[in-house]
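Enquirer: As given, the protein sequences belong to chains A and B, one line each in that order. Going by this note's numbering, the first sequence opens with residue 1, and the numbers climb by one from there. Going by this note's numbering, the second sequence opens with residue 290, and the numbers climb by one from there. Here a beta-carbon is modelled for each residue, glycine too, at the ideal position from N, C-alpha and C. Source: prediction; values computed, not measured.
2 protein chains.
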Amino acid sequence: MGEATPAPEALRPLVVRTRTELRTALATAPRPIGLVPTMGALHEGHASLIRRARAESATVVATIFVNPRQFNETADFEEYARDEAADLTTAREAGADIVFIPTVEEVYPAGSQTTVRVGALTEALEGAARPGHFEGVTTVVAILLCLAGAERAYFGQKDAQQLLVVRRMALDLGIATEIVACPIVREPDGLAMSSRNVRLTPEQRAAAPVLRASLLAARAAYEAGERDGEALRTAIRGVLAAEPLAAPEYVSCADPATLRELARVDGPALLSLAVRFGSIRLIDNDPLP
Amino acid sequence: MGEATPAPEALRPLVVRTRTELRTALATAPRPIGLVPTMGALHEGHASLIRRARAESATVVATIFVNPRQFNETADFEEYARDEAADLTTAREAGADIVFIPTVEEVYPAGSQTTVRVGALTEALEGAARPGHFEGVTTVVAILLCLAGAERAYFGQKDAQQLLVVRRMALDLGIATEIVACPIVREPDGLAMSSRNVRLTPEQRAAAPVLRASLLAARAAYEAGERDGEALRTAIRGVLAAEPLAAPEYVSCADPATLRELARVDGPALLSLAVRFGSIRLIDNDPLP
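1. Could you tell me which chain B residues have their CB closer than 7 Å to the CB of P137(A), listed as they occur along the chain?
2. Please specify which runs of the alpha helix (DSSP H), each continuous and at least 4 residues long, are wholly inside the stretch 46-126 of chain A, giving them in chain order.
3. Quick check: is the beta carbon of C542(B) nearer than 8 Å to any beta carbon in chain A?
4. By Cβ distance below 7 Å, which residues in the same chain neighbour P326(B) in space, the five residues on each side in sequence not counted?
5. Below 8 Å on the Cβ atoms is my guess for T403(B) versus V116(A); work out the distance and round it to an integer in Å.
6. Classify I184(A) as helix, strand or coil using the three-state DSSP reduction.
7. Going by the beta-carbon positions, is the gap between M458(B) and V407(B) smaller than 8 Å?
8. Considering only C-alpha positions, which residue in the set R553(B), P578(B), A510(B), V350(B) is nearest to R306(B)?
9. Taking only three categories from DSSP, how would you classify P32(A)?
10. What's the C-alpha gap between A47(A) and V474(B)?
11. Below 8 Å between beta carbons: does that hold for A160(A) and S272(A)?
12. Taking buried to mean at least 16 other C-beta atoms within 10 Å of its own C-beta, is A409(B) buried or exposed?
13. Considering just the uninterrupted stretch of the beta strand (DSSP E) at L14(A), what are its terminal residues?
14. Quick check on DSSP: helix, strand or coil for L279(B)?
15. Quick check: the Cα distance between R54(A) and G34(A), rounded to an integer number of angstroms?
16. With 8 Å as the limit, tell me which residues of the stretch 393-417 of chain B have their beta carbon closer than that to any beta carbon of chain A; keep them in chain order.
17. Label V487(B) either buried or exposed according to how many other C-beta atoms from any shown protein chain fall within 10 Å of its C-beta, with 16 as the threshold for buried.
18. With distances taken between CB atoms, is the gap from G149(A) to A316(B) smaller than 8 Å?
19. Please list, in chain order, all residues of the same chain as P420(B) whose beta carbon is under 8 Å from its beta carbon, the five residues on each side excluded.
20. Should D497(B) go down as buried or exposed, given a rule of 16 or more other Cβ atoms within 10 Å for buried?
21. Per DSSP, which residues does T20(A) bridge with? Please list them.
22. Secondary structure at L489(B), three-state DSSP: helix, strand or coil?
23. If we ignore side chains and look at the alpha-carbon of each, how far apart do R31(A) and E151(A) end up?
24. Return the residue from the list A318(B), L577(B), D573(B), T309(B) that minimises the CA-CA distance to K447(B).
25. Please report the distance separating the alpha-carbon of E532(B) from that of R501(B).
26. Could you pull the start and end residues of the beta strand (DSSP E) that G527(B) belongs to?
27. Using a Cβ-Cβ cutoff of 9 Å, what residues of the stretch 460-480 of chain B are near chain A? List them in chain order.
28. Of all the options G514(B), G416(B), L534(B), P472(B), which has the alpha carbon lying nearest to the alpha carbon of V499(B)?
29. Along chain B, which residues have their Cβ under 7 Å away from the Cβ of T26(A)?
30. Helix, strand or coil for N574(B) per DSSP?
31. In whole angstroms, give me the CA-to-CA distance for A124(A) and L259(A).
32. According to the Cβ coordinates, are P398(B) and L164(A) closer than 8 Å?
33. Could you have a look at A4(A) and say whether DSSP puts it in helix, strand or coil?
34. Would a C-beta distance cut-off of 8 Å place A543(B) and L551(B) closer than the cut-off?
35. Determine, using beta carbons only, whether R488(B) comes closer than 8 Å to chain A.
36. What first and last residue would you give for the beta strand (DSSP E) that runs through E538(B)?
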């Protein structure tokens, strides 16, 4: 994968804050470049993406940008965790060479009015639950991919629909960056890592592994031979119903390529769900088989 | 501008028809790369873009793709001139090294569902007259810019709004290709070169220089001190009204950055118009001063 020649440890990561600084830093950077777009609040899931990029790239760029355009709820945007110093430590320890931390004005220059939209794939699940969310995601990811010009960009499987949508967008637009999917990283009790987990109350946090438990119940039914899509969704709902703090938003057993709900599971399927604990919204998923 | 090392004359231009062939050809091409996106039916206006690219680039790529998504009228799409052999001769003589002639399926792969949209700048003038036109333009140009990864791309000033919109899109998305504007090329009688000119009847062709004449009348008024926007538009309309074959679609005196109509011309302005001759729609423009 090329000879990695990272900067001396003491200088890493190089922090750049403007498009021009990023371009300048990357103009002479050894290739291939691996890009890890994040919204900060870095946890072990993000670290796993950076480590994967490190293993496959001569230069690793992480980006930290809390993208206002993808938040459909103002409170969620305002309460989203921000801790640059901690993020830089995490990024450095995981192997990032460069961290791009732009302002909103740097990502969306004055007069900015261009949006990137993906069609049918964004209509179900997260797209249905969060109006405007995916247009914000695809626009900012298109910008970051164009700015970085990386050989590969790394996204977590936890946002399964986002991964599909971003991969579709990159293919459709002819963006020469391979979109690499990385496995979900979980807490010991099974809760998928998320920057929103820290906002749960202790009671909510104790209840939150019910997402994973509900998916495992459906998987168990599948492994016992159940192939009826609605029966698998019902298996998930049944486990969630037993947890009074959990308010399910959607429960899905869908075609993993189109995200259309499946009546029968005759091939691969994506189990997924979104659940609210008070104002905090968590998601998880499990691909079958 | 780098040492140009074009292929031997007999081998030029190299014709590529797939994304992969284009990528392969460009992977080892000398830089900088100059891109000239066209819809074929190449005339002297296109040739001037290719010659400009040739003068500033080590590798010149022209693209020929009649983009169905930017035609708001089916008849206009179907009747749009197509002559690959003639286009290749023109492209070669003007200095193209590579000509990319993709199929619709190659530009928009199976399942394609991504669109790129520019906001306010696309709402007036051509955008108002041709619903969906600019979304088709910005989507295909984003794809061509991403596929080519050129240092510069060349567009004619004749499509003044398109030029503004494409430049805005490239800036907004962080596409690292400079958008270069090239002057309008005209027939000896003043008619702006257009692939649609050949579809005019002899009578319409004889009448068509009225577009340029009407702009020059407004310019003359401007140079005589007229600064009232409506008076300048009226000067254009007056000349057009004297030509019975010309059916004006819009007449504009607008801010050249925002394309908003001007009440007064206190700085630069863009005079522009669209006129139908039967089913053939022609446009022209003139920037003041």
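Expert: Let me lay it out:
1. On the first sequence, position 137 is the one that residue 137(A) refers to. For clarity, residue 137(A) is Val in the given sequence; the question names Pro instead. Result: empty, since nearest Cβ-Cβ is about 12 Å, beyond 7 Å.
2. Inside the stretch 46-126 of chain A, DSSP marks whole alpha helix (DSSP H) runs of 4 or more residues at positions 74-79, 84-94, 104-107, from first to last along the chain.
3. By one-based count along the second sequence, residue 542(B) stands at place 253. No, C542(B) does not count as interfacial toward chain A.
4. Looking up residue 326(B) in the second sequence gives position 37. Counting only residues of its own chain and dropping the five nearest sequence neighbours on each side, P326(B) has a CB closer than 7 Å to the CB of T352, V430, L433, A442.
5. As a working note, residue 403(B) is residue 114 in the second sequence. As a working note, residue 116(A) is residue 116 in the first sequence. By a beta-carbon distance limit of 8 Å, T403(B) contacts V116(A). Their separation comes to about 7 Å.
6. Stepping through the first sequence from its first residue, residue 184(A) is reached at position 184. When DSSP states are grouped into helix, strand and coil, I184(A) belongs to the coil group.
7. The count along the second sequence starts at 1 and reaches residue 458(B) at position 169. The count along the second sequence starts at 1 and reaches residue 407(B) at position 118. Yes. Within cutoff.
8. Residue 306(B) sits at position 17 when you count from the first residue of the second sequence. Residue nearest to R306(B) within the set R553(B), P578(B), A510(B), V350(B) is V350(B) (criterion: CA-CA distance).
9. Within the first sequence, residue 32(A) is the residue found at index 32, counting from 1. Secondary structure of P32(A) (DSSP, three-state): coil.
10. Along the first sequence, one-based indexing puts residue 47(A) at 47. Along the second sequence, one-based indexing puts residue 474(B) at 185. The straight-line gap separating the alpha-carbon atoms of A47(A) and V474(B) is approximately 56 Å.
11. What you label residue 160(A) is simply residue 160 of the first sequence in a count that begins at 1. What you label residue 272(A) is simply residue 272 of the first sequence in a count that begins at 1. Going by beta carbons, A160(A) and S272(A) fall inside the 8 Å limit.
12. Along the second sequence, read from residue 1 onward, the residue named residue 409(B) stands at position 120. Counting Cβ neighbours within 10 Å, A409(B) comes out exposed, since fewer than 16 surround it.
13. Here residue 14(A) corresponds to residue number 14 of the first sequence, with the count starting at 1. According to the DSSP assignment, L14(A) belongs to the beta strand (DSSP E) that extends over 14-16.
14. Here chain B has residues from 290 to 578 only, and residue 279(B) is not among them.
15. Taking the first residue of the first sequence as position 1, residue 54(A) is located at position 54. Taking the first residue of the first sequence as position 1, residue 34(A) is located at position 34. Looking at the backbone, the Cα of R54(A) and that of G34(A) are separated by about 7 Å.
16. The stretch 393-417 of chain B vs chain A, Cβ under 8 Å: Y397, P398, G400, S401, Q402, T403, T404, V405, R406, V407, G408, A409, L410.
17. To locate residue 487(B), count along the second sequence from 1; it is residue 198. When all chains shown are included, V487(B) counts as exposed.
18. Reading the first sequence from its first residue, position 149 is the one you call residue 149(A). Reading the second sequence from its first residue, position 27 is the one you call residue 316(B). Remark: C-beta atoms of G149(A) and A316(B) do not approach each other more closely than 8 Å.
19. The count along the second sequence starts at 1 and reaches residue 420(B) at position 131. So the list reads N361, once near-sequence residues are dropped.
20. The sequence position of residue 497(B) within the second sequence is 208, counting from 1. Per the sequence shown, the amino acid found at residue 497(B) is Ala instead of Asp. Under this definition A497(B) is a buried residue.
21. Counting from 1 along the first sequence, the entry for residue 20(A) is found at position 20. Answer by DSSP bridge pairing: none, since T20(A) is not bridged.
22. Your numbering for residue 489(B) matches position 200 in the second sequence. The three-state reading of DSSP puts L489(B) in coil, since its state is none of H, G, I, E or B.
23. For the purposes of this step, residue 31(A) is taken as the residue at position 31 of the first sequence. For the purposes of this step, residue 151(A) is taken as the residue at position 151 of the first sequence. Computed Cα separation, rounded: 8 Å.
24. The residue given as residue 447(B) occupies position 158 in the second sequence. K447(B) has its Cα closest to that of D573(B), out of A318(B), L577(B), D573(B), T309(B).
25. In the second sequence, residue 532(B) corresponds to position 243, counting from 1. In the second sequence, residue 501(B) corresponds to position 212, counting from 1. Linking E532(B) to R501(B) through their CA atoms gives a straight-line distance of about 13 Å.
26. Looking up residue 527(B) in the second sequence gives position 238. Looking at the DSSP string, G527(B) is not in any beta strand (DSSP E); the run it does join, the alpha helix (DSSP H), is 518-530.
27. Within the stretch 460-480 of chain B, the qualifying residues are L460, D461, L462, G463, I464, A465.
28. Locating residue 499(B) in the second sequence gives position 210, where the first residue counts as 1. When C-alpha distances from V499(B) are compared across G514(B), G416(B), L534(B), P472(B), the shortest belongs to L534(B).
29. The count along the first sequence starts at 1 and reaches residue 26(A) at position 26. Just to set this straight, residue 26(A) is Leu in the shown sequence, not Thr. Against L26(A), chain B offers no close residue; the least beta-carbon distance is about 10 Å (beta-carbon pairs closer than 7 Å).
30. Position 285 of the second sequence, counted from the first residue, corresponds to residue 574(B). Reduced to three states, the DSSP call for N574(B) is strand.
31. Position 124 of the first sequence, counted from the start, is the residue given in the question as residue 124(A). Position 259 of the first sequence, counted from the start, is the residue given in the question as residue 259(A). One alpha carbon belongs to A124(A), the other to L259(A), and they sit about 7 Å apart.
32. If you number the second sequence from 1, residue 398(B) lands on position 109. If you number the first sequence from 1, residue 164(A) lands on position 164. Not closer than 8 Å, so no.
33. The sequence position of residue 4(A) within the first sequence is 4, counting from 1. The predicted model places A4(A) with a pLDDT of 47, which falls under 50 and marks its position as unreliable, so this point remains unresolved.
34. For the purposes of this step, residue 543(B) is taken as the residue at position 254 of the second sequence. For the purposes of this step, residue 551(B) is taken as the residue at position 262 of the second sequence. Here A543(B) is near L551(B), since their CB atoms are less than 8 Å apart.
35. Taking the second sequence and counting its residues from 1, one reaches residue 488(B) at position 199. No, no contact with chain A.
36. Taking the first residue of the second sequence as position 1, residue 538(B) is located at position 249. Start and end: 536-543.
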